[in-house]
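In what follows, a structure is listed as structure tokens, so that the remarks can point back to it.
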Amino acid sequence: MRTRVVPLLTTAAILLFGAGILLMPGDVAAAARTAAGMAAGSVLPTLFPFLVLADLAVAMGVTEQIGSRMGGLMSRLFRQPGAAGPVLALGLLSGYPVGAAAAVKLYRAGGCTREQGGRLLALCNNTGPAFAVGVVGAALWGSARVGWMLYLCHLLAALLSGVLLAARAPSVPQGRPGRKVGRAGLGAALTASIKGAAMTSLYIAAYIVFFGVLIALLRQSGLLQALTRLLPGDGACWEALLSGAIEMTTGIALTTALPLPARWRLALQSLLMGLAGLSVLCQVQGVLEETDLPMGPYLKGKLLQGGLAALLTYALFPLFRPVLPASAVPAPVTLSPTLFWLMVLLTVCAFVLSALLALLLARLADRVSERYGWDLFEHLPDPLWYPWV
1 MRTRVVPLLT TAAILLFGAG ILLMPGDVAA AARTAAGMAA GSVLPTLFPF LVLADLAVAM
61 GVTEQIGSRM GGLMSRLFRQ PGAAGPVLAL GLLSGYPVGA AAAVKLYRAG GCTREQGGRL
121 LALCNNTGPA FAVGVVGAAL WGSARVGWML YLCHLLAALL SGVLLAARAP SVPQGRPGRK
181 VGRAGLGAAL TASIKGAAMT SLYIAAYIVF FGVLIALLRQ SGLLQALTRL LPGDGACWEA
241 LLSGAIEMTT GIALTTALPL PARWRLALQS LLMGLAGLSV LCQVQGVLEE TDLPMGPYLK
301 GKLLQGGLAA LLTYALFPLF RPVLPASAVP APVTLSPTLF WLMVLLTVCA FVLSALLALL
361 LARLADRVSE RYGWDLFEHL PDPLWYPWV
């Protein structure tokens, strides 16, 4: 029974999505234009140079040269080879999903093992200072210093989650870096890097537009509002959090305008920046194409990072207060700390539940195909969670 229900629900969801596009073409087109404008105007110009740099650094052997001097630090803290050090730096400075792309490039070149590569995805794939400072700080809060404070909490949470993920990982043998990373000529490496970065940029833009349209359909149809009415607390808070669990940028923008104290709005934004949302998750899956790197460590790392970032921001709020604009400090309503952290917990649970449902769907689809020869996904791209199966 269960093997029949899940494929039917999936088919129904696809049909509803198609019906929404047909019934609300104006809203869909407006959402697509807005998302495409954001991708072309701010996201891709920031990410594309770093994507090229990430490919070049691995192809030209830069990670190997610098990594030989970072082996001790990376091994002791994160149980990673020294070549992962420059990849970590790229991930912390560039933004989603450049760190994941660099980690995949290093793994393909033989610079790390499969287990190390899985953890490296979570450690290196982070929000960059351009987004934290330029978008969240300057554009949403009117203060670049707020963005720097958020970025600092995000960075600390990323490093702490990397240490926690490495707690039971095997030690990295000293003096045995593994297979040498191959070096290409500058011309060939540059051509391949630009080509690869262009394809990755196209993936990123497509995911941004798709999830922008999805959120618009959920909001315009009233489904998102109906779901928020079933949850405790203010519906606007839940709408912002659930939107952020799907697409990070949209949720962070909605969170800024919530009728909550600044301390809690900043903590919620740190949570969403750490989780990154399903849109970034799909972008990571796009760069994992034709690799066997597991997604499990990445999901664990993002959950850890989101929770740690929220806690750090909440605890360090006294450092934020002097840099907040005067209009951001007063709050029109109050919310009990218990309800606030319940909302944080339920948002994380919703993110995990969506991932588990996707995993269950992938497994059930495989079983249906094996037993009945009916492949629901025959003409569709591989499900997001097949690397887990």
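Each residue of the sequence shown is one higher than the last, beginning at 1 in this note's numbering. C-beta atoms are modelled at their ideal positions from N, C-alpha and C, and glycine is treated no differently.
| Query | Result |
| --- | --- |
| Determine the extent of the alpha helix (DSSP H) in which Cys282 is found, giving its start and end residues. | 277-287 |
| Tell me where the alpha helix (DSSP H) around Leu106 begins and ends. | 98-108 |
| Does DSSP classify Ala167 as helix, strand or coil? | coil |
| Exposed or buried, Lys195, counting other C-beta atoms within 10 Å across all chains shown (16 or more means buried)? | exposed |
| In three-state terms, what does DSSP make of Asp234? | coil |
| Can you give me the Cβ contacts of Leu93 inside the same chain, cut-off strictly under 8 Å, excluding the 5 residues immediately before and after it? | Phe50, Gly128, Pro129 |
| Terminal residues of the continuous alpha helix (DSSP H) containing Leu202? | 186-221 |
| Does the segment 126-145 come within contact of the segment 222-236, defined as at least 3 CB pairs closer than 8 Å? | no |
| Is Cys153 helix, strand or coil when you go by DSSP? | helix |
| Is DSSP giving Pro86 helix, strand or coil here? | helix |
| Is Glu290 helix, strand or coil by DSSP? | coil |
| Would you mind working out which of Tyr107, Ala309, Glu289 sits nearest Leu390, comparing C-alpha positions? | The displayed coordinates of the chain run from 1 to 389. Any statement about residue 390 would go beyond what the structure contains. |
| Of the residues Gly118, Leu8, Ser143, Gly147, which one's Cα is nearest the Cα of Phe131? | Gly147 |
| Name the residue from Leu44, Ile246, Gly296, Ala188 whose alpha carbon lies nearest to the alpha carbon of Gln116. | Gly296 |
| Quick check: what's the CA-CA separation for Val284 versus Leu155? | 19 Å |
| Tell me which residues share the same chain as Tyr215 and place their Cβ nearer than 7 Å to its Cβ, disregarding the 5 neighbours each side in the sequence. | A quick correction: the sequence has Ile, not Tyr, at residue 215. Excluding sequence neighbours, Ile215 sits near Ser243, Ile246, Glu247, Thr250. |
| Measuring straight from C-alpha to C-alpha, what distance separates Lys302 and Gly274? | 6 Å |
| From which residue to which residue does the alpha helix (DSSP H) around Val58 run? | 44-59 |
| Which one of Gln269, Cys282, Gln305 has the shortest CA to CA distance from Phe317? | Gln269 |
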